[in-house]
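*Asks:* Please see the structure below; I have some questions.
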Amino acid sequence: MNHVVCIAYVPDTETKIKIGADGKSIDEADVKWIVSPYDEYALEGAIKAKEEKGGTVTVVTYGPARADVGLRECLARGADEAVRVASDGLGEADSLGVAMALAGAIKALPCDVLWLGNKGVGTDAQTMVPMLAELLDLPHANLVTKLEWKDGGVVAWREIEGAREVVEMPFPCVVGAQKGLNEPRYASLKGIMAAKKKTIAVKQPAEVGVDPAATTGEKAAVRWTKLELPPARQAVKLIPADDPAKAADELVRLLRDEAKVL
Amino acid sequence: MSNVLVFIEQRDGKIRKASFEALTLGREVAAKTGGALGAVVAGSGIGGLAPELAAYGAAKVFVADKPELALYSCEGYTAALDAAVAAFAPAVVLVPATSMGKDVAPRLAARRKVGLLSDVMSLEVEGGRLVATRSVYSGKARATVAADPGAALQIATPRPNVFPASKGAAGAGEVVALDFSVTIRAKVVKLEMPEAGELDVAEADKIVSGGRGIKGPEGWPVLRALCHELGAALGASRAAVDAGWIGHEHQVGQTGKVVSPTLYVACGISGAIQHMAGMGSSKVIVAINKDADAPIFKAATYGIVGDLFQIVPALTEAVRKAKA
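Sequence lines, in order, name chains A and B.
Everything in the first sequence is counted per our numbering, starting at 1175 for the first residue and increasing by one.
Everything in the second sequence is counted per our numbering, starting at 27 for the first residue and increasing by one.
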C-alpha cells in the first residue's frame, strides 16, 4: 500500500510575529520554520502503516527552497521520497492555489492513502483536506483521532462538537490527522544520515499543470490585504484575594453588572 | 453581487445555533448586495424546518431530504449545497465554521474553483467583494482577507459565537425541494456520544478551564461544581490533557478546540501562546492563578491572584447566591 503525505513548512508557533514592510505578510527575518505540528501526526500514520503493511511513503509540499529542510526531516523519520512544488519567487497563493499545485503533484504518484494534518498552523484555515479530496475526487475524513484498517479501506474516528463520527471509506482516500491519532517519532541518527543522501524532486508549477500567473499574488482567489497585530486588550482588573469569599462576591458583581455576562 | 445562500446545519432535526448566526449575517449581507436570502438544509425528514428559517428572513429554503442524508457526510451535504447553488445562483455562500461547515465549505470551493474566507471574525461587503478579518499565527496577528471581486461565487465561514443571531423581517420561506444524485464513499456509520450531560467546549457559551494548577485529576470536581452553577462546559489546557488528567475532547488551544465563549474562566492556566490561540477571542476572560506573572493575566479581563482551591469554591458559592 502506498502513502502520500502533504506537509506545510510554517513559522514555529513560538516565533514572535512581526509585521512585514508590505503590511500584509510577516517579517520572515529571524523566523524559525517547522513542519506544521498536525502534519507530524499524518506522517507518523503513514510510516506506521508502511511498517505494518509495506509500500512506500512519499512526502509532498508546496513552498520555497527552505521547505526542503522540512522534507528532509520527514525523510529522516522514515519517508522514502520527497517532492516539492516550487513557489520560489512567486506571489502568495491561497488555499485553493496551494491545493491545485499539490493535487497536480499527487496525481503523478502511487497513492492509496493521502495523509495531511487537519490544518496548517499559521494560516489556520483548515481547508486543505476537503479541497485536496475534492480536486482528486477522493473521499475524506478530517479531524481523525483514531484509525483502523479494514478490507479495502479504513474506519476513521472524527472529532466533532460533542461527539465522534465513525466514518468508513474505501481506498484511495484522504485522512486529515488530529492530535490523538498517534505519537510522532523522532528521527534516528541512521535516518538523518540516510536522508542526507536522498534527492528531493523539485517540480515547477507548470510541470504539475498549474499556471502560477492565475493562482498567486493578485490573481489568488483570496488575498491578504492587511496584516496587523491584534488590538491590545484592556489591562486586567485585579481583585484582591485576601478574603476568597469577598473576592468571589466582587467578581460575580463585576461579571453581572459591568461585563453583563451573568 | 446579489443573492446570498446560507448553509444550515441540523442534527436530529434541530438547527444549530451557529446556523442562526450565519443566517442573520447572511441577511445583513443580502441587504448590502440587494439580493434575496436563501437557506439550504440537508438531512432526512427535515421538511418542517422552513418556518424557523423564514423567521430569520429566508425567502427560499432549499431542502435536500433523503434517507441517505440522515447522518452527515461531506459528499452528501456538499452535493446538497452545490445543488442549491445551481438553483439559486448566489453571489455569496455562508457556511458556519463548525466542524461540519469547515468540511463542506472547502469541498464546495474546490468544486467551484473559487476561494474561501475561512473562520472569519468580521465580514463586510466592499466594492463588490467580501472582506473579512481572521485570526492567524496562533492569534498573534490579525489578517484582513478579500475575495476575488471577479469570482462567480464568494464563500465565507463565519466563526461560531462571534456574530449575533436575531430574527428579522420574516421571509417568504418558500420551500424548494432539491433533486440530485450523489454517491457517498465516506459514510458516517455511527455517532459516538460522550457521557450524558457533558457540554462540549466548542459550542458552550461559558467555559471553566483547568490547567497544570489543578494538580491532578482530583482537581476536576472543584471546577465541575462551578461549571454546574454557571451552566458552563469544562475545558482543559494542553498541560492537563498531556498529563492524562482528562480527555483530548476537553482541550482548548492550538492543538485542541478554538472557542469564543461569552465567559472563559481559566483556573490554574499559565496562558501559553498555544492556549491563547484557542480562547483569545472569548468576550470576557477571568484568570485565577497563584502566579501573578502568569501571561494569562495579560489577556484577562478580570484576575484573581490566589489559590484556585480556595477561590473557585468561593466563586461557586457566590454564583449560587447571586442566582437565588
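Backbone N, C-alpha and C define an ideal beta-carbon position, used for all residues, glycine too.
In angstroms with no decimal places, state the Cα-to-Cα distance between Ala1267/A and Gly306/B.
*Replies:* Going from the Cα of Ala1267/A to the Cα of Gly306/B covers about 27 Å.
*Asks:* For Asp174/B, which residues of its own chain have a beta-carbon under 8 Å away from its beta-carbon, when the five flanking residues on both sides are left out?
*Replies:* Around Asp174/B: Val140, Gly141, Arg155 and Gln180.
*Asks:* Hey, Val227/B and Phe88/B: beta-carbon distance below 8 Å or not?
*Replies:* The answer is no: Cβ separation not under 8 Å.
*Asks:* In the region 213 to 241 of chain B, which residues sit with their C-beta less than 8 Å from some C-beta in chain A, listed in chain order?
*Replies:* Listed by position along the chain: Lys213, Val214, Val215, Lys216, Leu217, Glu218, Met219, Pro220, Glu224, Leu225, Asp226, Ala228, Glu229 and Lys232.
*Asks:* I want to verify the contact list: residues of chain A whose CB lies under 8 Å from the CB of Arg133/B, in sequence order.
*Replies:* Those are Pro1304, Met1305, Ala1307 and Glu1308, listed as they occur along chain A.
*Asks:* Using only the alpha-carbon positions, how far apart do Gly297/B and Pro1185/A sit?
*Replies:* The alpha-carbon atoms of Gly297/B and Pro1185/A are separated by roughly 20 Å.
*Asks:* Confirm, please, whether the CB-CB distance from Lys43/B to Gly64/B is below 8 Å.
*Replies:* Contact flag unset, no.
*Asks:* Counting only runs of 4+ residues fully inside the region 263 to 300 of chain B, write out the alpha helix (DSSP H) ranges in chain order.
*Replies:* Complete alpha helix (DSSP H) runs here, min 4: 264 to 268.
*Asks:* What residues from chain A crowd round Ala173/B, counting only those whose CB sits closer than 9 Å?
*Replies:* The answer, in chain order, is Ala1395, Val1396 and Arg1397.
*Asks:* On the DSSP bridge list, what partners appear for Ala90/B?
*Replies:* BP columns for Ala90/B point to Ala68/B.
*Asks:* Would you call Tyr1360/A buried or exposed, if buried means 16 or more other Cβ atoms sit within 10 Å of its Cβ?
*Replies:* Tyr1360/A is exposed by the Cβ-count criterion.
*Asks:* Between the beta-carbon of Pro406/B and the beta-carbon of Thr1301/A, is there less than 8 Å?
*Replies:* An answer regarding residue 406/B cannot be provided, because it is not within the stretch 27 to 350 covered by chain B.
*Asks:* Helix, strand or coil for Arg1397/A? Go by DSSP, reduced to three states.
*Replies:* Three-state result, Arg1397/A: strand.
*Asks:* Report buried or exposed for Ala178/B, applying the criterion of at least 16 other Cβ atoms within 10 angstroms of its Cβ.
*Replies:* With fewer than 16 Cβ atoms within 10 Å of its Cβ, Ala178/B is classed as exposed.
*Asks:* Please state whether the Cβ-Cβ distance between Val310/B and Ala1433/A is less than 8 Å.
*Replies:* Yes. Within cutoff.
*Asks:* Going by beta-carbon coordinates alone, are Lys1206/A and Ile1200/A separated by less than 8 Å?
*Replies:* Going by C-beta atoms, Lys1206/A is not nearer than 8 Å to Ile1200/A.
*Asks:* Cβ closer than 7 Å: which chain B residues qualify as neighbours of Lys1364/A?
*Replies:* None at all; the shortest Cβ gap to chain B is about 28 Å.
*Asks:* From Pro1304/A to Ser1210/A, what does the alpha carbon distance come to, in whole angstroms?
*Replies:* The alpha-carbon atoms of Pro1304/A and Ser1210/A are separated by roughly 18 Å.
*Asks:* Select from Val267/B, Ile72/B, Tyr290/B and Trp271/B the residue whose C-alpha is nearest the C-alpha of Thr281/B.
*Replies:* The shortest C-alpha separation from Thr281/B is found at Val267/B.
*Asks:* Check this for me: beta carbons of Val1179/A and Ala1220/A, under 8 Å apart or not?
*Replies:* Yes, the pair counts as a contact, with Cβ atoms nearer than the cut-off.
*Asks:* Give the residues of chain B in contact with Ile1413/A, contact being defined as C-beta atoms less than 8 Å apart.
*Replies:* Result: Tyr328, Gly329 and Ile330.
*Asks:* Write down every uninterrupted run of the alpha helix (DSSP H) in the region 1249 to 1315 of chain A whose length is 4 residues or greater and which is fully enclosed by it, in chain order.
*Replies:* If we require 4 residues or more, the alpha helix (DSSP H) runs fully inside the region 1249 to 1315 of chain A come out as 1269 to 1281 and 1302 to 1309.
*Asks:* Might you give, ordered along the chain, the residues of its own chain that have their beta carbon closer than 6 Å to the beta carbon of Asp1254/A, omitting 5 neighbours on each side?
*Replies:* Closer than 6 Å at the Cβ level, and outside the excluded window around Asp1254/A, lie Thr1230 and Val1231.
*Asks:* For the beta strand (DSSP E) that Lys213/B lies in, which residues bound it at each end?
*Replies:* Unbroken beta strand (DSSP E) run through Lys213/B: Lys213 to Glu218.
*Asks:* If we define contact as Cβ-Cβ less than 8 Å, is Ile299/B a contact residue for chain A?
*Replies:* So, interface residue.
*Asks:* Is Arg160/B buried or exposed, if buried means 16 or more other CB atoms sit within 10 Å of its CB?
*Replies:* Buried is the call here.
*Asks:* Taking the alpha carbon of Ala1415/A as the point to measure from, which residue in Leu341/B, Val278/B, Ile322/B and Gly257/B has its own alpha carbon closest?
*Replies:* Ala1415/A has its Cα closest to that of Leu341/B, out of Leu341/B, Val278/B, Ile322/B and Gly257/B.
*Asks:* Using a Cβ-Cβ distance cut-off of 8 Å, determine whether Asn1316/A contacts chain B.
*Replies:* So yes, Asn1316/A belongs to the interface.
*Asks:* For a contact meaning CB atoms closer than 8 Å, what does Gln36/B contact in chain A?
*Replies:* Within chain A, no residue comes near Gln36/B; the closest Cβ sits about 13 Å away, beyond 8 Å.
*Asks:* Determine the contact status of Ser99/B and Gly61/B, defining contact as a CB-CB distance below 8 Å.
*Replies:* No, Cβ-Cβ distance for Ser99/B and Gly61/B is not below 8 Å.
*Asks:* Going by DSSP in three states, Pro1238/A sits in which element: helix, strand or coil?
*Replies:* Reduced to three states, the DSSP call for Pro1238/A is coil.
*Asks:* Could one say the Cβ of Ser207/B lies closer than 8 Å to chain A's Cβ atoms, at least one of them?
*Replies:* No, Ser207/B lies away from the interface with chain A (no Cβ there is under 8 Å from its Cβ).
*Asks:* Reducing DSSP to helix, strand and coil, say where Gly236/B ends up.
*Replies:* Reduced to three states, the DSSP call for Gly236/B is strand.
*Asks:* Exposed or buried, Lys1281/A, counting other C-beta atoms within 10 Å across all chains shown (16 or more means buried)?
*Replies:* When all chains shown are included, Lys1281/A counts as exposed.
*Asks:* Is the CB-CB distance between Ala265/B and Val278/B below 8 Å?
*Replies:* Their beta carbons are not under 8 Å apart, which means Ala265/B does not touch Val278/B by this criterion.
*Asks:* Does the beta-carbon of Met1367/A have 16 or more other beta-carbons within 10 angstroms, so that it is buried, or is it exposed?
*Replies:* The residue in question, Met1367/A, is exposed, as its Cβ has fewer than 16 Cβ neighbours within 10 Å.
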